[in-house]
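Each step along the sequence shown adds one to the number in our numbering, with nothing skipped, and position 120 is 123.
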Amino acid sequence: MTTSRLSDGLTTRQPLVLGLFRIVLGLLFTSEGAATVFGVLDRKASPVGDWPFWYAGVIELVCGALVLLGVGTRGAAFLSSGIMAFAYFTEHQKDGLFPLQNGGLAPVLFCWGFLLLVFYGPGALALSSLLRRESGARSGAPEAV
4 MTTSRLSDGL TTRQPLVLGL FRIVLGLLFT SEGAATVFGV LDRKASPVGD WPFWYAGVIE
64 LVCGALVLLG VGTRGAAFLS SGIMAFAYFT EHQKDGLFPL QNGGLAPVLF CWGFLLLVFY
124 GPGALALSSL LRRESGARSG APEAV
């Protein structure tokens, strides 16, 4: 296989791989939110209204689900990226400069992963593209007789 054939093969699969990346990232973020809000996955729930943890959990749960489904991906990813940057700089940065030192690896990875989705969009397998296709088919002009 030549380099150009390999490159072409990888290029044609970019939307699918980006879609799978979005789904995994959304699932992981939704899991974080569910653990914080509901106390699932061997975690203790954050008390309702506890600033900033409970509110961050709600954002993780809602935005993670939106990203997972591929609905409003860019907006949800933008908010998620911001909340993870906030989490890193307010909770982790004070304990050391590098994420491996201060336990902030997950927020950093989430932040940059969501920022990638802001710029590249949802990729393949997004519910929004399916809904757009359906509404376009229904609102199409009638055929000429």
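Note that beta-carbon positions come from the ideal geometry of N, C-alpha and C, so glycine has one too. Model, not experiment: these values are computed from the prediction.
Cα-Cα separation, residue i to residue j
i, j, result
"I62", "W115", "17 Å"
"Y91", "A109", "9 Å"
"I86", "T5", "43 Å"
"D11", "G106", "39 Å"
"H95", "V65", "23 Å"
"F81", "R136", "24 Å"
"F24", "L134", "20 Å"
"L100", "T93", "12 Å"
"A88", "I26", "21 Å"
"K97", "Q104", "10 Å"
"T15", "L130", "20 Å"
"L13", "G22", "14 Å"
"L111", "L9", "The identity of residue 111 in the sequence shown is Val, whereas the question assumes Leu. Straight-line Cα distance between these residues: approximately 31 Å."
"V20", "R46", "31 Å"
For residue j and residue i, believed in contact at Cβ under 8 Å, the rounded distance
i, j, result
"L71", "G29", "3 Å"
"L120", "T76", "6 Å"
"P125", "G73", "4 Å"
"F117", "S83", "4 Å"
Same chain, Cβ closer than 7 Å to residue i, neighbours up to 5 away in sequence not counted
i, result
"S34", "L44"
"G60", "G36, T39, V40, S49"
"D53", "none"
"G42", "A48"
"V51", "W57"
Contact under 9 Å by Cβ, residue i with residue j
i, j, result
"F56", "F113", "no"
Other residues of its chain near residue i: CB distance less than 6 Å, five sequence neighbours each side excluded
i, result
"A68", "T33"
"S132", "none"
"G78", "none"
"P102", "L108, V111"
Contact set for residue i: own chain, Cβ-Cβ below 8 Å, skip 5 residues either direction
i, result
"A144", "For A144, the predicted model reports a pLDDT of 48, less than 50, meaning its position is unreliable; a value from the coordinates is still stated below. Counting only Cβ-Cβ distances below 8 Å, and skipping sequence neighbours, we find nothing."
Uninterrupted alpha helix (DSSP H) stretches inside the region 19 to 67 (no shorter than 4 residues): Runs of the alpha helix (DSSP H) inside the region 19 to 67: none found.
Runs of alpha helix (DSSP H) wholly within the region 97 to 133 (minimum 4 residues, chain order): Runs of alpha helix (DSSP H) with 4 or more residues, each lying fully within the region 97 to 133, are found at 102 to 105, 108 to 123, listed in chain order.
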